[in-house]
Amino acid sequence: MNLWTKLRKNTRLWVQVAFTALTNGYLLGFAKGKIYQGPGKQVCVPGLNCYSCPGAVGSCPIGSLQAVIGGKDFRFSFYVIGFLMIVGSLAGRFVCGWLCPFGLVQDLLHKLPSKKIKNVPFDKYLRYLKYVVLTVFVFGMPLLLRGASGYGSPWFCKLICPSGTLLGGIPLVAANPSLQKIVGVLFGWKMAVLITIVVLSVLIYRPFCKYLCPLGAIYGLFNRFSLYRYEIDAHKCTGCGLCHKACEMNVKVCETPNSAECIRCGKCIEVCPTGAIQTTLSSSRSSANMK
Amino acid sequence: MPDLLRRSGAGLLLLAVGISFLLYGVHRQEHVMVANKSTIICLECIGIG
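Listed in order, the protein sequences are those of chains P and A. Count along the first sequence from 1, then add 70; that gives the number in this note's numbering. Count along the second sequence from 1, then add 518; that gives the number in this note's numbering.
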């Protein structure tokens, strides 16, 4: 395989790496143990990217959402929900597959050689957990549990988010002696969550995206409606099931091409022997046969 | 354009609503709230406070 073929084969990986580097490009932050404080922080990035990551040049939409609804002034964030609607209606979970830094981390971990688990017990039910996380930790608790100051905490970030621990907590604590002095039980809990997800990611493809990520839960709701979607040419599809076999998110692509679980990685398109799976961006096709 | 509207009408509607929400959020200065939170190290987010 020559270099060009290798590069083409790994297009998604390169896009993930480039986007992660672009949105975490404040290298001075890593060196000094500080974070970027410029105007870019007013704008959300599409993926789960902790705004306390030393390199982050934008804001995590889930963190921002909790910050606004947990504040004193508003109980709903038109700004962040509007942003999520724009991204979702354009691309849905394409963001998870191509642009999310923590998705990239899980993809890389899954490349490590080990026994892989494709059929997780209770998978069908566990997939609903991310909607529970979204409802309880992202919306419910920041809105309802308020301290004496009147502010709600970002409970998802505080108790669950492994991206915050990996991209924010570890580099900041490592580079900042004053933070090292105040590390406590919560940091231990978050490290335990992170380590669990790291280990599971080696065995299971993207466990955090499948079962816990509230951002994936939101974008997944848009998969059916987004401008970028998959379509099946019913005349070309032979029902061979190769697409399902290739899909690491376990989506039955030929039956539900726009499942909320699909992260648009494109593996099904690559393996389809008849070219029956197309995207709404594919140009020459008759829409009459599409489902 | 009519084909895009027919096949992606719901997506375009959601996009229009999203843009309206975002602009209204900017009008309410929510982006400033986001920046106020994200330009200081969020100790809770990184598992410290």
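Glycine included, C-beta positions come from ideal geometry on N, C-alpha and C.
**Study point:** Residue of P:G125, P:Q136 and P:L73 minimising C-alpha distance to H549 of chain A
**Key:** P:Q136
May I have a chain-ordered list of the beta strand (DSSP E) segments no shorter than 3 residues that lie completely inside the segment 273-327 of chain P? 300-302
Measuring CB atoms only, is the segment 525-537 of chain A touching the segment 150-158 of chain P, in the sense that at least three cross pairs come out at less than 8 Å?
yes
Point to revise | Neighbour-count burial assignment, A262 of chain P, 16 or more Cβ in a 10 Å radius | key: exposed
Point to revise | Those runs of the alpha helix (DSSP H) which lie wholly inside the segment 94-134 of chain P and span at least 4 residues | key: 97-102
Spatial neighbours of K142 of chain P within its chain, please: CB distance less than 6 Å, with the 5 preceding and 5 following residues excluded, ordered by chain position. These residues qualify, in order along the chain: G220.
task = Report yes or no: is there a C-beta of chain P within less than 8 Å of the C-beta of L523 of chain A?
result = no
So what's I151 of chain P in DSSP terms, helix, strand or just coil? helix
query: Hey, quick one: how far does the beta strand (DSSP E) through Q348 of chain P stretch, first residue to last?
result: I347 to T349
Next on the checklist: According to DSSP, A222 of chain P sits in a beta bridge with which residue or residues?
Outcome noted: Ala is not the amino acid found at residue 222 of chain P; the sequence shown has Gly there. G222 of chain P pairs with P:R216.
Using a Cβ cut-off of 7 Å, which residues of the segment 170-189 of chain P contact any Cβ in chain A, in chain order? none
Would you mind giving the Cβ-Cβ distance between I302 of chain P and P327 of chain P, rounded to the nearest angstrom? I have them listed as a contact below 8 Å.
Your pair I302 of chain P and P327 of chain P checks out as a contact, with CB atoms roughly 5 Å apart and the cut at 8 Å.
### Query
For the putative contact between L174 of chain P and Q86 of chain P, defined by C-beta atoms under 8 Å, what is the C-beta separation to the nearest angstrom?
4 Å
- Task: Mark G254 of chain P as exposed unless 16 or more other C-beta atoms lie within 10 angstroms of its C-beta, in which case mark it buried.
- Result: exposed
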